[in-house]
Amino acid sequence: MNTMRITFLGLVCSVLMLPAAFAGTLDTVKSQGFFNCGVSQGVPGFSNPDENGNWSGIDVDVCRAVSAAIFGDPDKVKYVPLTAKERFTALQAGEIDVLSRNTTWTLSRDAQIGLEFAGVNFYDGQGFMVRKDSGISSAMELDGASVCTNLGTTTELNMADFFRANSMAYEPVVFEKADEVVNAYDEGRCDTYTTDKSGLAAQRTKLADPDAHVVLPETISKEPLGPVVREGDGDWADVVRWSLNAMIEAEEFGLTQSNAKTECALTSNPVVARLCGKEGGTGAGLNLGDSWSYDIVTMVGNYGDVYEKHVGENTPVGLARAGSPNASYKNGGVLYAPPAR
Amino acid sequence: METDKSKIGTFIFNRSVQGAFYQLITLGLVALGIYYIVTNTARNMLERGLASGFHFLGVESQFDIGMTLIEYSPTSTYFDSFIVGLLNTLLVAGIGILFATIIGFTVGIMRLSSNWLIAKIAETYVEILRNIPLLLQIFFWYFAVLRALPKPKQSLELYDSFFLNNRGLFIPDTVFGEGSSIIFYLLWLTIIISIGIFIWAKRRQNRTGERFPAFYVSIALILGTFLISLAATGFPVSFEYPELKGFNFKGGVKLIPELVALTFALAMYTASFIAEVVRGGIMAVSKGQTEAAKSVGLKQNLILRLIIIPQALRVIVPPLTNQYLNLTKNSSLAAAIAYPDLVLVFAGTALMQTGQAIEIIGMVMGVYLFLSLFTSLIMNLFNRFMKVDGER
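Protein sequences appear in the order of chains A and B. Residues in the first sequence are numbered from 9 upward in steps of one, following the numbering used here. Residues in the second sequence are numbered from 9 upward in steps of one, following the numbering used here.
Structure below.
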């Protein structure tokens with residue numbers, strides 16, 4: 009942890025030492041041939057490394073989409089695993105260019121901390137997980153409970169709000185790293201573990217006996233999670249924002265990773281033709297090649313492809329999309345991208 | 009003209025003038041560097057829309073803290089959270105230093121024992137503990153403690169008043185009722201009188217050589233007065249017992265497992281270094297001192313107390329100070345196991361919620377600097393006090 013503190017101070021110092029004026033992130037990224045993407049230290053389905061150190065997950069795929077859009081290659085990304093506590097400083101200090109680490113969009117972060125949110129790639133809400141044998145069936149029965157959670161998250165504030173609003177007492181037990189939270193909860197230090205519900209589903213796969221735990225029905229907060237960039241660099245923010253939007257719009261118009269090649273050859277729909285890079289010259293405004301959105305869809309996939317691959321019902325995380333806010337607006341969800349034209 | 013030139017020459021080539029010149033240049037460069045860093049930081053922060061200043065200290069924090077020594081709630085300010093974190097750091101450092109000193113001195117003296125087994129036990133202790141990274145030891149004690157302890161409903165209990173489970177150790181709280189303040193006044197009074205007795209006894213011994221059992225007399229005085237005053241005021245003291253309510257115990261005093269594991273790990277680890285410092289200090293006292301003391305007929309425990317330890321302490325105190333400073337700074341590892349110390353609460357949660365890294369890290373660094381300097385000051389004063397007259 010001493011190394012942690014040293015890196016942290018290093019980060020602060022690098023904010024101090026940064027040159028007064030610096031080139032736009034997009035130009036820098038293009039000339040160096042890669043960019044740095046801040047991810048979690050391991051949340052299955054969102055950003056998680058395998059045994060060979062290859063990262064995967066829906067947060068990782070946002071960075072892969074940005075890479076595909078800029079370089080026509082989804083793997084020109086260096087992943088930087090960060091704790092919740094380190095993430096914003098790393099972004100401000102220029103250590104990473106995109107933060108894609110299940111980060112909640114809030115007013116204070118947007119306005120006060122010098123961050124710019126590029127969109128929402130997962131609509132989440134905070135929930136509680138308990139042991140099945142505790143017999144608890146509602147979050148309203150948690151009066152007096154010990155609650156394990158992560159440092160430096162909106163979770164910490166939401167649980168304070170929740171227990172205060174319902175005049176219940178509790179004991180917060182706050183860890184710096186997600187793995188330590190899971191470990192302590194598993195060892196019985198806490199009665200309940202609280203974080204975003206997607207996080208609960210993901211972390212549950214790491215417990216000794218995942219079936220002995222249950223997520224309570226209450227959702228106590230809104231947690232729109234999405235990629236973040238530094239404030240004050242609009243061109244770069246646009247690239248990240250539209251890479252995400254292209255994935256969402258491709259799904260809306262039925263353009264998937266598997267059918268994109270044939271669809272693009274045959275299509276007569278102008279929206280699809282634009283996404284395929286055949287019409288409209290959408291790349292120019294973003295300072296990208298016109299095939300940027302086609303590359304995203306063929307190399308990374310559309311939003312639905314990515315969702316089902318990493319967190320859908322057939323994955324260990326197993327989050328049903330139908331009926332959740334993450335469904336397309338056409339299916340009763342809130343996923344809605346502005347038109348890419 | 010000729011003389012003027014040589015005057016200027018002697019001035020330029022004068023050593024102290026040259027020295028001052030270079031010092032002035034260095035000072036100027038440092039000042040320029042600081043000015044650059046400050047203005048550049050301010051501009052960068054402004055450009056990126058980062059808030060700055062210390063206004064946030066007066067804003068409601070809106071988060072909770074697991075262990076607080078003062079009243080604290082989400083409606084308290086960020087400054088309150090700073091104080092809570094600071095007190096928790098002081099608590100763990102204080103208890104840690106106390107136990108590290110006791111264990112360290114014991115083990116250090118054990119290592120010098122002529123008994124082979126005792127010496128080897130002490131050596132093993134030192135070699136194992138000082139060679140394993142502290143963070144691993146903290147994790148080990150924390151998760152070892154958690155795994156070994158039962159759930160609240162199966163708590164280990166003692167006389168229905170002490171409870172131990174994986175949520176912590178719960179002990180009865182003493183509640184002092186009305187009329188108990190007189191007891192404390194008397195307690196303080198007897199402590200002051202005892203100090204007086206010690207000074208008087210020492211002076212008398214220096215003057216006449218007669219010894220007075222100051223220690224036993226003081227203990228009898230303090231305890232006796234305390235008990236008599238308790239009885240006289242009709243025992244205005246009651247106990248609040250912890251009770252199992254819902255998930256956890258309520259009432260009484262609670263020691264959370266994070267505090268126990270952290271203090272334990274810090275004390276055990278630092279003690280292994282202190283043991284070596286103590287051993288070195290004692291070995292630095294030449295054997296002739298012991299022999300001389302024996303030859304004038306002093307008993308073994310008096311040799312240790314009057315001859316060896318006072319001389320050894322002069323060698324021990326400076327490196328001991330370093331160990332105390334290390335322990336205080338190492339207590340910031342608390343963040344790893346959820347003990348709400350200054351780093352976790354203020355440089356962690358508060359920093360994340362406000363985003364004001366420079367101000368907060370600056371304050372935290374200031375606190376550790378102050379604690380370290382303060383500890384050094386106390387130890388230096390102690391060292392001066394221990395110095396033998398006429399020594400360097």
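Cβ coordinates follow ideal geometry from the N, Cα and C atoms, glycine included.
- For B/V375, the closest alpha carbon among the candidates B/I227, B/T336, B/F390 and B/S60 is that of B/T336.
- If you compare the alpha carbons of B/P250, B/G288, B/F234 and B/V100 with that of B/G116, the shortest gap goes to B/G288.
- Restricting attention to alpha helix (DSSP H) runs no shorter than 4 residues, the segment 235-289 of chain A encloses them at 242-260, 268-274 and 278-283, ordered along the chain.
- For the C-beta of A/N44, not a single chain B residue is nearer than 7 Å; the gap to the nearest is close to 17 Å.
- Within the same chain, R282 and R349 come within 7 Å of A/G288 by CB-CB distance, once the 5 residues on both sides are set aside.
- Between the segment 65-77 of chain B and the segment 230-239 of chain B there are fewer than three C-beta pairs closer than 8 Å, too few to call the two in contact.
- The three-state secondary structure of B/R219, taken from DSSP, is coil.
- The residue from B/T329, B/T383 and B/G363 with its alpha-carbon nearest to that of A/T114 is B/G363.
- Residue pairing by DSSP places B/I179 opposite B/V261 in a beta bridge.
- B/L54 is classed as exposed because its beta carbon has fewer than 16 other beta carbons within 10 Å across all chains shown.
- Note that the C-beta distance between B/L137 and B/S340 is not below 9 Å.
- B/E248 does not reach chain A, its nearest Cβ partner there being about 17 Å away, counting only Cβ pairs nearer than 9 Å.
- Only residues of its own chain outside the window of five on either side were considered, and among them none has a CB closer than 7 Å to the CB of B/A152.
- Taking a C-beta distance under 9 Å as the contact criterion, A/F79 and A/D67 do not qualify as a contact pair.
- Annotated three-state conformation of A/A335 is coil, per DSSP.
- Taking 9 Å as the cut-off between beta carbons, none of the residues of the segment 295-320 of chain B comes near chain A.
- By the neighbour-count criterion, in which a residue is buried when 16 or more other Cβ atoms sit within 10 angstroms of its Cβ, A/H221 is buried.
- Going by C-alpha positions, B/P160 is about 11 Å away from A/C198.
- At a cut-off of 9 Å between beta-carbon atoms, B/D88 makes no contact with chain A.
- By the criterion of a C-beta distance shorter than 7 Å, A/P324 is surrounded in its chain by P52 and T213, once the five residues flanking it on both sides are discounted.
- The DSSP-derived three-state label of A/G135 is strand.
- For B/A101, no CB of chain A lies under 9 Å from its own CB, so it is not counted at the interface with that chain.
- Across the set B/F29, B/L359 and B/L35, the C-alpha of B/L359 shows the shortest separation from the C-alpha of B/G93.
- At the C-beta level, B/G259 and B/E266 stay beyond 9 Å of one another.
- Put simply, the CB of B/N174 is near chain A, with a gap under 9 Å to one of its CB atoms.
- When the beta-carbon positions are compared, B/I368 and B/F378 stay at least 9 Å from each other.
- The continuous beta strand (DSSP E) containing B/F171 extends over residues F170 to N173.
- Shown here, B/A101 sits in a helix according to DSSP, grouped into three states.
- In this model, B/E135 and B/E284 are separated by some 10 Å (Cα to Cα).
- The Cβ neighbour count for A/P180, taken over all protein chains shown within 10 Å, is at least 16; the residue is labelled buried.
- It is roughly 35 Å from the alpha-carbon of A/P82 to the alpha-carbon of B/A59.
- In the three-state reduction of the DSSP assignment, B/E55 falls in the helix class, which pools H, G and I.
- Contact note: A/T97 reaches chain B through A365, using a C-beta cutoff of 8 Å and chain order.
- In this structure, A/V189 lies near A/N158, with their beta-carbon atoms less than 9 Å apart.
- Closer than 8 Å at the C-beta level to chain B, one finds these residues of the segment 173-202 of chain A: Y178, E179, P180, V181, V182, F183, E184, K185, E188, N191, A192, E195, G196, R197 and D199.
- Taking every protein chain shown into account, the CB of A/V47 has 16 or more other CB atoms within 10 angstroms, so this residue is buried.
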